[in-house]
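Only one structure is covered here, and it is reproduced in the block below.
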Amino acid sequence: MEDIYILGIESSCDDTSAAVLKNGVLLSNVTASQAVHEAYGGVVPELASRAHQQNIVPVVDQAIKRAGIEKEQLTAIAFTRGPGLMGSLLVGVNFAKGLSQSLGIPLIDVNHLHGHVLAHFIHESEDDHTEPPFPFLCLLVSGGNSQIVRVNAYNDMQILGQTIDDAAGEAIDKCSKVMGLGYPGGPIIDRLARQGNPDAYQFAKPNISGYDYSFSGLKTSFLYSLRDWIKDDPDFIEHHKEDLAASLEKTIVDILMKKLRLAVKDTGIKHVAVAGGVSANNGLRNAFHDHARRYGWTVYIPKFSYTTDNAAMIGITGYFKYQDKDFCPIDAPAFARMEK
Ligand code: KG4
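Last residue of the sequence shown: number 343 in this note's numbering, and the count goes up by one each step with no gaps.
This is the structure:
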């Protein structure tokens, strides 16, 4: 049988990434992150598109070189079509279209969120078979989304619950900003939390029914509590940043795990995965291991490199769609919000 080489391209937010897979096994994964946003405390869309524009050719070129192949060997090109920032998406989408036309090979559009979930199927070698069986539940937590997804098959996912306001990552980043820490806040809070007392402070937890999440109340509670404490001690944050980070992290992890426990109980599905940028968080990873021990779950936690945005997850999703001959027409537009 002929070898299938898929080029994956990801440019939905502030990471320009390209990966090459051979028969579903990862050969290369190259990512250029954009430090330019740190000074602004958040991603600046116009600056992100400009950086993608500069990075896309060298990143794709490196991915193909590191895979040890020529671009003419590619079988198909998979790209993130959405959701994401429109200016960022357009760079990857149009590059993928141009390259597919010049090489005369099919295009495969990938939903970024499906990519995060299917990151669990990235194999770095042929004998790497650590993947969840269908159906499994996936907690998808990133800067833009917090969802519990029931994954029935590669191409059959059902959102059981999702945030009705902020995403978990967004809440962490905003609270970190209020504390005057850098951007993105997630990794900084994670580092500080390891040295703090998670039970030092209590913050508001939402009380909504079903599997949905809400993080806006926590954000407000965090802000107002800080304001009160700073009145008594202007250096309160500096004196207590480790305890604040640990308590904030614990509150978020508790909120996430409570709904996930409910979903496991109701569906009876005990294979549980976590995905998205926040799945890099050590407190959340520990909670997964703890639930595995306490409730007999089998848990799936991605390698750190496949938690945040990367093209390997787009490539593997593209590989599954290639097998179904699920191709995309050249005139398919990028989509900023969830439409498909
Ligand atoms: O999936 P992702 O790279 O981008 C999208 O939103 O699609 O997720 C980024 C989010 C940010 O909010 C960032 O602060 C958070 O993931 N994050 C973390 C950690 N690393 C990244 N949150 C908590 N702990 C971490 N170690």
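No residue lacks a Cβ here, since even glycine has one placed at the ideal position from N, Cα and C.
On a predicted model such as this, the values are computed, not experimentally measured, just so you know.
In terms of alpha-carbon separation, which member of the options lies closest to residue i?
| i | options | result |
| --- | --- | --- |
| Ala276 | Pro135, Pro61, Leu92 | Pro135 |
| Ala70 | Phe225, Asn26, Thr133, Leu110 | Asn26 |
| Tyr43 | Lys180, Ile80, Phe137 | Lys180 |
| Thr166 | Asp235, His126, Ala38, Ser212 | Ser212 |
| Asn158 | Asp329, Arg340, Phe338 | Asp329 |
| Phe137 | Gly147, Thr34, Asn148, His123 | His123 |
| Ile319 | Asn114, Gly172, Leu263 | Asn114 |
| His243 | Ser36, Pro305, Met182 | Met182 |
| Thr78 | Leu106, Val62, Ala174, Phe225 | Leu106 |
| Ser282 | Tyr298, Gly299, Lys306 | Lys306 |
| Ala38 | Thr19, Ser31, Asn32 | Thr19 |
| Ser287 | Leu50, Arg197, Leu226, Asp327 | Note on residue identity: the sequence assigns Leu, not Ser, to residue 287. Nearest option by C-alpha distance: Arg197. |
| Val23 | Gln56, Ala54, Val63, Val46 | Val63 |
| Gly323 | Leu93, Leu50, Gly118, Val47 | Note on identity: in this sequence residue 323 is Phe, with Gly being the wrong assignment. Checking every option, the nearest Cα to that of Phe323 belongs to Gly118. |
| Gln57 | Gly220, Thr133, Ile191, Asp17 | Asp17 |
| Asp246 | Gly271, Ser219, Phe206 | Phe206 |
| Met160 | Gly189, Val120, Asp131 | Val120 |
| Gln65 | Ala21, His40, Leu140 | Ala21 |
Is it buried or exposed for residue i, if we count other Cβ within 10 angstroms and need 16 for buried?
| i | result |
| --- | --- |
| Val60 | exposed |
| Ala156 | exposed |
| Tyr216 | buried |
| Tyr8 | buried |
| Lys343 | Note on Lys343: pLDDT 45, under 50, position unreliable in the model; the coordinate value appears next. Classification for Lys343: exposed. |
| Met4 | exposed |
| Pro336 | exposed |
| Ile333 | exposed |
| Met341 | exposed |
| Asn210 | exposed |
| Ser31 | buried |
| Asp193 | buried |
| Glu73 | exposed |
| His55 | buried |
| Lys234 | exposed |
| Thr310 | buried |
| Asp169 | buried |
Looking at the structure shown, is residue i part of a helix, part of a strand, or coil, going by DSSP?
| i | result |
| --- | --- |
| His274 | strand |
| Met260 | helix |
| Lys25 | strand |
| Glu13 | strand |
| Ile151 | strand |
| Val267 | helix |
| Gln37 | coil |
| Val120 | helix |
| Gln205 | coil |
| Asp327 | coil |
| Val4 | One detail in the question is off: residue 4 reads as Met in this sequence, not Val. The answer is coil: DSSP assigns Met4 none of H, G, I, E or B. |
| Thr166 | strand |
| His126 | strand |
| Asn32 | strand |
| Val113 | strand |
| Met316 | helix |
| Ala335 | coil |
| Thr19 | strand |
| Thr301 | strand |
| Leu143 | strand |
| Phe218 | coil |
| Lys343 | Interpretation of Lys343 is limited by its pLDDT of 45, a score under 50 that renders its predicted location unreliable; no figure is taken from the coordinates. |
State the CB to CB distance for the pair residue i and residue j, rounded to an integer number of angstroms; the pair is presumed to be in contact (CB under 8 Å).
| i | j | result |
| --- | --- | --- |
| Gly90 | Ser52 | 3 Å |
| Lys3 | Thr301 | No statement about residue 3 is possible, as the shown extent of the chain runs from 4 to 343 and does not include it. |
| Asn284 | Thr34 | Rounded, the Cβ-Cβ distance is 19 Å, inconsistent with contact. |
| Arg153 | Asp112 | Between Asp112 and Arg153 the Cβ distance is about 23 Å, and since that is not below 8 Å, they are no contact. |
| Gly87 | Gly172 | No, Gly87 and Gly172 are not in contact; Cβ-Cβ is about 14 Å, not under 8 Å. |
| Asp214 | Ala266 | In the sequence on display, residue 214 carries Tyr and not Asp. Confirmed, Cβ separation roughly 5 Å. |
State yes or no: is the beta carbon of residue i nearer than 7 Å to at least one beta carbon in chain D?
| i | result |
| --- | --- |
| Val39 | As a matter of chain content, chain D is missing from the structure shown, which is built from one protein chain. |
Is the stretch 251-263 touching the stretch 189-209 in the sense that three or more CB pairs, one from each, lie closer than 8 Å?
yes
Would you check if there are 3 or more beta carbon pairs closer than 8 Å linking the stretch 90-102 to the stretch 283-295?
no
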